[in-house]
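Here is the structure we will look at, set down as structure tokens.
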Amino acid sequence: MKSSNYNYIFYKDEYVYFYNGLTHAYFRCSSSLGKKLEDFILKPNIYSLPIAGLSDLLESQGFIISDNLEELQEIRKNYAKQVNRQDYFLVINPTLNCNFKCHYCVQDHISSCMSTNTMEAVKRHVDYMLEEKKISSLTLEWFGGEPFLYYNEIIRPISEYAKTQCEKFGVAFFNGATTNGSLITRDVCKEFKNLRFTAFQITLDGDRLLHNSIKFSDNIESTFDTTLVNIKNILESTPDCRINLRINYTSATLESNIVEEVCGILPKEVRSRIKILLKKVWQEETDNSRFKNYQRLLNDFKREGFNVERLDIIRNFMPCYVNKRYYSCINYDGGVIKCTNCDLLYSKNPPGRLAKSGEVIWRDRYDERSSEPAFENNRCLACNLLPICMSHCPKNYLEGSVEMCKLKYVDFDLKSAVIAYIDDMYEVAERNTK
């Protein structure tokens, strides 16, 4: 037996915390027992354990492994499995225009709208994937720009068509959107259940004052209030829906009054269906000292009944959905790309085009190259964070930035995140047993 290369062991106060990055197994125990377990895990052929059955348990959870198990091969195998899953994820950009002009946005908001001819091509593509590729499920993700600028004209008719065709072929259908949430009216919300909307990602930029200084419009008095009221309406009208509330933060955001103001609009009944994700504004310098305020803000949201993302890591061996073979992004002009955060959005010669048959024709093996594992380099293969990071984004890989480590660009403290996550899991387990 030998120790896994991906064990993370941390001490805090009276506990020792154990997490395995490959299996995502975890536990905590007293410091006295924890030291004995750590000694055994690090050298299982030398030390013994005081409790019968612990060795088998640690092996089943991946903390210790057989001598002939090659964990890198397990990572490669699981990556390939995720890449080739036939659950089709189709991003559609009805427009690249937006009703806001956020300073941190990476996109050029150009006047644009998907034509009727392109919409028909999208429908043929759905048919092609169902009939020829035999996909196991279809998820539409509406993106942009702001997709709800064209709900009636584009989102509804394509969603209705895709839902009908999936029902015809006995294939599961899901709908979702990445949106600023400001244009989703009550009448639109009433249609989400029928159109199988199950997930949204909606962004806030801080408390009311901060958010309204970044997202503003002549037609909306407070975009902060409007967005949160619309979130409430979505959840009340669509029982199966979940929302990722992404908070793009700066140092000012972390110190703002955002929790109290959010709770003033979102009632307790809907908060458990909202997950809080904190993401640093990309122009901000990395500063790991901010992680204390990061955790404090998550603690405040958690106390108010929201779900929080404590451990923002890769859990499925897939660094980005761009790596999936069964993934495409159809732009408003009919061009097909992979990454939605790149200049190819505006290219007159995109890497993919829809054929009359509905098939995507890729040039220069672009789709195959997008699925290549970026982690196959000496630095990543030697790193014990590999299974929870899975290397940098495929866009950078395709551009040749193979030496970049993405963890250098985020505020992250693995020890604090793991400990907070495990404590949360134990708290939930204890509450469920009462």
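Numbering (the working numbering), first residue to last: 164 to 597.
Don't be surprised by glycine CBs; every beta carbon is placed ideally from N, CA and C.
Give me the Cβ distance between residue i and residue j, rounded to the nearest whole Å; I'm assuming they're in contact under 8 Å.
| i | j | result |
| --- | --- | --- |
| F575 | F454 | 7 Å |
| S533 | P557 | 5 Å |
| V573 | K443 | 6 Å |
| G307 | L259 | 6 Å |
| L577 | I238 | So it is not a contact: roughly 18 Å between Cβ atoms. |
| D388 | I428 | 6 Å |
| N547 | N168 | 5 Å |
| V334 | L303 | Not quite, the Cβ-Cβ distance comes to about 13 Å (not below 8 Å), so this is no contact. |
| R473 | Y584 | 4 Å |
| Q249 | K297 | 7 Å |
| Y495 | M282 | So it is not a contact: roughly 10 Å between Cβ atoms. |
| T390 | C352 | Wrong, their Cβ atoms sit about 13 Å apart, outside the cutoff. |
| K378 | F203 | Actually they are not in contact, since the Cβ atoms of K378 and F203 sit about 53 Å apart, beyond 8 Å. |
Quick one: give me the first and last residue of the alpha helix (DSSP H) that residue i is part of.
| i | result |
| --- | --- |
| A188 | Unbroken run through A188: none, as it is neither H nor E. |
| K617 | What is shown of the chain runs 164 to 597, which leaves residue 617 out entirely. |
| Y242 | 234 to 246 |
| D600 | Given a span of 164 to 597 for the chain in the structure shown, any question on residue 600 remains unanswerable. |
| C355 | Rather than Cys, the amino acid found at residue 355 in this sequence is Phe. Segment 349 to 355, the alpha helix (DSSP H) holding F355. |
| I524 | From DSSP, I524 is part of no alpha helix (DSSP H) but of the beta strand (DSSP E) over 523 to 525. |
| D574 | Where D574 is concerned, there is no enclosing alpha helix (DSSP H), given that its DSSP letter is neither H nor E. |
| A656 | Examination of residue 656 is not possible in this model, given that the chain is present from 164 through 597 alone. |
| N559 | 557 to 561 |
| S322 | 319 to 332 |
| P550 | 549 to 552 |
| V422 | 421 to 426 |
Note the first and the last residue of the continuous beta strand (DSSP E) segment covering residue i.
| i | result |
| --- | --- |
| R516 | 515 to 517 |
| F263 | Per DSSP, F263 belongs to no beta strand (DSSP E) and is neither H nor E. |
| D250 | 250 to 255 |
| C492 | 490 to 493 |
| V285 | Not the beta strand (DSSP E): V285 falls in the alpha helix (DSSP H), residues 279 to 294. |
| V499 | 498 to 500 |
Distance, Cα to Cα, residue i vs residue j?
| i | j | result |
| --- | --- | --- |
| L517 | G339 | 22 Å |
| N619 | I214 | Limits of the chain in this structure are 164 at one end and 597 at the other, which puts residue 619 out of reach. |
| Y171 | N256 | 40 Å |
| L212 | S218 | 7 Å |
| Y324 | H288 | 11 Å |
| S195 | E418 | 38 Å |
| D290 | R488 | 17 Å |
| G563 | I493 | 24 Å |
| S554 | S510 | 27 Å |
| C543 | D230 | 22 Å |
| N559 | G216 | 46 Å |
| F226 | I383 | 54 Å |
| Q224 | K286 | 45 Å |
| R349 | F336 | 23 Å |
| I477 | L235 | 16 Å |
| K501 | S491 | 6 Å |
| P430 | R405 | 15 Å |
| I228 | K165 | 5 Å |
| S452 | D370 | 21 Å |
| F252 | S193 | 44 Å |
| V613 | D586 | The question about residue 613 has no answer here: the residues shown for the chain are numbered 164 through 597. |
| E447 | S414 | 9 Å |
| E399 | D176 | 42 Å |
| I162 | T279 | Examination of residue 162 is not possible in this model, given that the chain is present from 164 through 597 alone. |
| K569 | I551 | 12 Å |
| N357 | S322 | 10 Å |
| I209 | R191 | 23 Å |
| D141 | R434 | Residue 141 falls outside the range modelled here, since the chain spans only 164 to 597, and no answer is possible. |
| Y314 | S520 | 26 Å |
When DSSP builds the beta bridges, which residues end up paired with residue i?
| i | result |
| --- | --- |
| G339 | E304, A362 |
| K443 | Y412 |
| N456 | Partner(s): none; N456 has no beta bridge. |
| R405 | A362 |
| F173 | Y180 |
| S380 | I383 |
| S166 | I227 |
| K438 | N407, N470 |
| L508 | L508 is not bridged to any residue. |
| L367 | I410 |
Using a C-beta cutoff of 9 Å, does residue i count as contacting chain B?
| i | result |
| --- | --- |
| E354 | The question asks about chain B, but that chain is absent: this structure has only one protein chain. |
Check whether the stretch 198 to 212 touches the stretch 587 to 597, counting contact only when three or more Cβ pairs, one atom from each stretch, lie closer than 8 Å. no
Determine contact between the stretch 355 to 369 and the stretch 407 to 426, defined as no fewer than three beta-carbon pairs at a distance below 8 Å. yes
Do the stretch 327 to 337 and the stretch 390 to 397 touch if we need at least three Cβ pairs shorter than 8 Å? no
Given 8 Å as the limit, is there contact between the stretch 298 to 318 and the stretch 341 to 351, that is, 3 or more CB pairs closer than that? yes
Three or more C-beta pairs below 8 Å linking the stretch 455 to 472 and the stretch 425 to 445: yes
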